[in-house]
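Visitor: Final position of the sequence shown in the numbering used here is 486; the numbers increase by one with none missing. Cβ atoms here follow ideal geometry from the backbone N, Cα and C, with glycine treated the same way.
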Amino acid sequence: MHTKTLAELSLGLHKKTYSSVELTQFFLNRIDQHQALNSYITVTPELALAQAKAADQRLADGTADLLTGIPIAQKDIFCTQGVMTTCGSKMLANFNAPYNATVVDKFNLAGAVMLGKLNMDEFAMGSSNETSYFGAVKNPWNINSVPGGSSGGSAAAVSARLAVCATGTDTGGSIRQPAALCGITGLKPTYGRVSRYGMIAYASSLDQGGPMTRSAEDAAIMLQTMAGFDEKDSTSVDVPVPDYRAGLNKSLVGLKIGLPKEFFGEGLDENVAATLAAAIAEYRKLGAEVIDISMPNLKLAIPAYYVIAPAECSANLSRFDGVRYGYRCESPVDLTDLYTRSRGEGFGKEVKRRILMGTYALSTGYYDAYYLKAQKIRRLISEDFKAALATVDVIMGPVTPSTAFGIGEKMDDPIAMYLSDIYTIAINLAGLPAMSIPAGFVANMPVGLQLIGDYFAEVRLLNIAHQYQQVTDWHNFIPTGFE
Ligand code: GLN
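This is the structure in structure tokens:
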């Protein structure tokens, strides 16, 4: 059953080939067998089986949705009432949220089954899942390699078939980069498309939730449930939600693909480049036209992001003070001691680094030099994309400079770690939608191709991804040991 896509499993459930209880039990057993991956922080077998039973009732009544009875898992950044929400941090290791994230409510309404909560970098800060308080996640393609981050638990679980599909969040690449490194499909929607209510904030102007799946068709099904205006999120955008599966089969003849020269220069592994060239050649065969473009400000994305994201995180994380939520130090002597020790003991090293950087960038005298400057660069980057997307339908490029790196390899070198998002971060600064799709392998490790579209062009991106998946098989490969 684990070799099937969400779309196929949904069909099986509707035809009563198997029940949701059977499917759920099957995935719970797989999770149990493959604990060594460390992809889950919390597994919820009782809840899952109860939801599966209710789903079977809906399937019998004829009131089922495409997602009814499908075992999914949530990144542990989405608040779940009654189930621990840790955000990968000691700070929230005992946190029981008093409400559900809108995304969680939407899946519940659709009748999806939640298997549990997935491991992630602490507060979504990281590119390798090694900053998690709950330990590193292993890449199913090579257990000595990282799965990427911060949605590394989500990517590893979907890749190893420990969930049919999963949610992720992407502030600077955290859906696309792990999707690429684990050989699955990931979609970061347009900023504002998916509600952030109940999704623990890292950098509010960049964070966006999205689907992590086997195929583009599955991503379309998941996004259909996740997307939509939410009055509880002031940055949620009130535009109609289209039918994401309706456009999947549209022909790509005449599609204009832009390849920015800045994406294919120094720093990109030559084997990854060759794999991407083969993928682009496949698109040519599908009738697409390839156009060389240039976006001169892309090189400024990493420095601008590492001012803006830490600045926002320093404000967002000020709420964790030992009083209101989560971890509180033992026997504080006074209020200052309570604050300093609770935060000092509750946060990990990378989170502290970001809070320090952000506080510095926002302080008097430095605000203009760093934060304001970074905001101006953000505008320039958005304008580069706007100009490019006025001449082409989609921009393509790498997701990551290389395939998955070794566990421990970059932990002592934050700059090297930050550079692993060099091709994804600019898209968050611009707020655009983008996907990562499996495009081949280098030395048995997966390579992702990135597709970047215009605002709210998710239907088109899914169509472009789906057409490629009709003529290639990369998204169907299963890592050895998980077949
Ligand atoms: N790796 C980037 C960071 O650490 C992006 C993380 C993310 O998208 N959540 O900020």
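#1: Where does Asp-295 fall in DSSP's three states?
#2: Let me make sure I understand the geometry here. Which of Ile-294, Met-420, Arg-248 has the alpha-carbon closest to that of Leu-464?
#3: Can you name, in chain order, every residue of its own chain whose Cβ lies under 6 Å from the Cβ of Ser-239, other than the five neighbours on each side?
#4: Kindly provide the ranges of any beta strand (DSSP E) runs that are 3 or more residues long and lie completely inside the stretch 146-178, ordered along the chain.
#5: For Ile-440, which residues does DSSP report across the bridge?
#6: Find the nearest neighbour of Gly-325 within the set Gly-189, Pro-313, Leu-341, judged by alpha-carbon distance.
#7: With DSSP as the reference, label Gly-195 as helix, strand or coil.
#8: If distances are taken between C-alpha atoms only, which option among Gly-290, Ile-380, Lys-120, Asp-64 comes closest to Leu-50?
#9: Which runs of the alpha helix (DSSP H) at least 4 residues long sit entirely within the stretch 13-56? Give them in chain order.
#10: Leaving aside the five residues before and after Gly-189 along the sequence, list all residues of the same chain whose C-beta is less than 6 Å from its C-beta, in chain order.
#11: Relative to ligand 1, is the shortest distance from any of its heavy atoms to the C-beta of Ala-127 smaller than 7 Å?
#12: Quick check: does the Cβ of Ser-177 come within less than 7 Å of any heavy atom belonging to ligand 1?
#13: Taking Gly-231 as part of the beta strand (DSSP E), name the residues at either end of that continuous run.
#14: Excluding five sequence neighbours on each side, which residues of the same chain lie with their C-beta closer than 8 Å to the C-beta of Leu-301?
#15: So, Ser-131 versus Lys-355, is the Cβ gap smaller than 8 Å?
#16: Short check: CB of Thr-27 to CB of Leu-62, under 8 Å?
#17: Report yes or no: do three or more beta-carbon pairs, one from the stretch 326-337 and one from the stretch 393-404, lie closer than 8 Å?
#18: Distance check for Pro-335 and Arg-344, CA to CA, integer angstroms please.
#19: Would you please verify whether the beta carbon of Gly-151 is less than 8 Å from any beta carbon of chain B?
#20: Please classify Asp-64: is it buried, with 16 or more other beta-carbons within 10 angstroms of its beta-carbon, or exposed?
#21: Mapping DSSP to helix, strand and coil, what is Lys-7?
#22: Just verifying my parser: in three-state terms, what is the DSSP assignment at Val-397?
#23: Where does Val-275 land, buried or exposed, given buried means 16+ other C-beta within 10 angstroms?
#24: Hey, how far is the Cα of Glu-133 from the Cα of Lys-56?
#25: From His-469 to Tyr-286, what does the alpha carbon distance come to, in whole angstroms?
#26: May I ask you to report which of helix, strand or coil DSSP gives Ala-282?
#27: Applying the 10 Å Cβ sphere with the 16-neighbour rule, what's the burial state of Gly-270?
#28: Which two residues bound the contiguous alpha helix (DSSP H) that contains Lys-141?
#29: Between Pro-404 and Asp-272, is the Cβ-Cβ spacing less than 8 Å?
#30: Can you check the stretch 59-100 for any beta strand (DSSP E) of at least 3 residues that lies completely inside it and give the ranges in chain order?
#31: So, with DSSP's three-state summary, where would you put Ile-224?
#32: The beta strand (DSSP E) with Met-117 in it runs from where to where?
#33: Cβ of Ser-153 versus every heavy atom of ligand 1: is any distance shorter than 7 Å?
#34: Going by DSSP in three states, Gly-349 sits in which element: helix, strand or coil?
#35: Which class does Leu-112 belong to by DSSP, given the choice of helix, strand or coil?
#36: Let me check understanding here. Comparing Cα to Cα, which of Arg-164, Ser-157, Gly-186, Ala-166 lies closest to Asp-173?
Guide: The relevant details are as follows:
#1: Along the sequence shown, read from residue 1 onward, the residue named residue 295 stands at position 292. Strand at Asp-295.
#2: For the purposes of this step, residue 464 is taken as residue 461 along the sequence shown, with counting starting at 1. Answer by Cα proximity: Arg-248.
#3: What you label residue 239 is simply residue 236 of the sequence shown in a count that begins at 1. Hits under 6 Å: Gly-195, Ser-198, Phe-232, Asp-233.
#4: 168-172
#5: The count along the sequence shown starts at 1 and reaches residue 440 at position 437. Its beta-bridge partners are Leu-452.
#6: As a working note, residue 325 is residue 322 in the sequence shown. Checking every option, the nearest Cα to that of Gly-325 belongs to Leu-341.
#7: One-based indexing of the sequence shown puts residue 195 at position 192. Annotated three-state conformation of Gly-195 is coil, per DSSP.
#8: Position 47 of the sequence shown, counting from 1, holds the residue named residue 50. Residue Lys-120 holds the alpha-carbon nearest to the alpha-carbon of Leu-50 among Gly-290, Ile-380, Lys-120, Asp-64.
#9: Segments of the alpha helix (DSSP H) lying fully in the stretch 13-56: 23-36.
#10: Residue 189 sits at position 186 when you count from the first residue of the sequence shown. Excluding sequence neighbours, Gly-189 sits near Ile-178, Arg-179, Ala-182, Met-215, Ser-439.
#11: Looking up residue 127 in the sequence shown gives position 124. For ligand 1, at least one heavy atom lies less than 7 Å from the Cβ of Ala-127.
#12: Taking the sequence shown and counting its residues from 1, the one referred to as residue 177 is at position 174. Checking the Cβ of Ser-177 against ligand 1 gives yes.
#13: In the sequence shown, the residue the question calls residue 231 occupies position 228. No beta strand (DSSP E) holds Gly-231; DSSP gives it neither H nor E.
#14: One-based indexing of the sequence shown puts residue 301 at position 298. Correct list, in chain order: Pro-263, Glu-265, Phe-266, Ile-384, Asp-387, Ala-429.
#15: The sequence position of residue 131 within the sequence shown is 128, counting from 1. The sequence position of residue 355 within the sequence shown is 352, counting from 1. Contact flag unset, no.
#16: Translated into positions along the sequence shown, residue 27 becomes position 24. Translated into positions along the sequence shown, residue 62 becomes position 59. Going by C-beta atoms, Thr-27 is not nearer than 8 Å to Leu-62.
#17: no
#18: Here residue 344 corresponds to residue number 341 of the sequence shown, with the count starting at 1. Here residue 335 corresponds to residue number 332 of the sequence shown, with the count starting at 1. About 8 Å.
#19: The structure shown has no chain B; it contains just one protein chain.
#20: Walking along the sequence shown from the start, residue 64 turns up at place 61. The residue is exposed, with fewer than 16 neighbouring Cβ atoms inside 10 Å.
#21: Taking the sequence shown and counting its residues from 1, the one referred to as residue 7 is at position 4. If DSSP states are grouped into helix, strand and coil, Lys-7 belongs with coil.
#22: Translated into positions along the sequence shown, residue 397 becomes position 394. For Val-397, the secondary structure class from DSSP, reduced to helix, strand or coil, is strand.
#23: As a working note, residue 275 is residue 272 in the sequence shown. When all chains shown are included, Val-275 counts as buried.
#24: In the sequence shown, residue 133 corresponds to position 130, counting from 1. In the sequence shown, residue 56 corresponds to position 53, counting from 1. The straight-line gap from Cα to Cα measures roughly 36 Å.
#25: Taking the sequence shown and counting its residues from 1, one reaches residue 469 at position 466. Taking the sequence shown and counting its residues from 1, one reaches residue 286 at position 283. It is roughly 12 Å from the alpha-carbon of His-469 to the alpha-carbon of Tyr-286.
#26: For the purposes of this step, residue 282 is identified with residue 279 of the sequence shown, where counting begins at 1. Note: Ala-282 maps to helix in three-state DSSP.
#27: Here the question's residue 270 lines up with position 267 in the sequence shown. Counting Cβ neighbours within 10 Å, Gly-270 comes out exposed, since fewer than 16 surround it.
#28: Along the sequence shown, read from residue 1 onward, the residue named residue 141 stands at position 138. Where Lys-141 is concerned, there is no enclosing alpha helix (DSSP H), given that its DSSP letter is neither H nor E.
#29: Mapped onto the sequence shown, residue 404 falls at position 401. Mapped onto the sequence shown, residue 272 falls at position 269. Yes.
#30: 74-78
#31: Residue numbering aside, residue 224 sits at position 221 when the sequence shown is read from its first letter. Residue state, collapsed to three classes: helix.
#32: If you number the sequence shown from 1, residue 117 lands on position 114. Met-117 -> beta strand (DSSP E) spans 116-121.
#33: As a first step, residue 153 is located in the sequence shown; it is residue number 150 there, counting from the start. At least one heavy atom of ligand 1 is nearer than 7 Å to the Cβ of Ser-153, so yes.
#34: Working through the sequence shown from its first residue, we reach residue 349 at position 346. Of the three classes helix, strand and coil, the one that applies to Gly-349 here is helix, per DSSP.
#35: Here residue 112 is taken as the residue at index 109 of the sequence shown, counted from 1. DSSP places Leu-112 in helix when its eight states are reduced to three.
#36: Within the sequence shown, the letter at position 170 stands for residue 173. Of Arg-164, Ser-157, Gly-186, Ala-166, the residue nearest in Cα terms is Ser-157.
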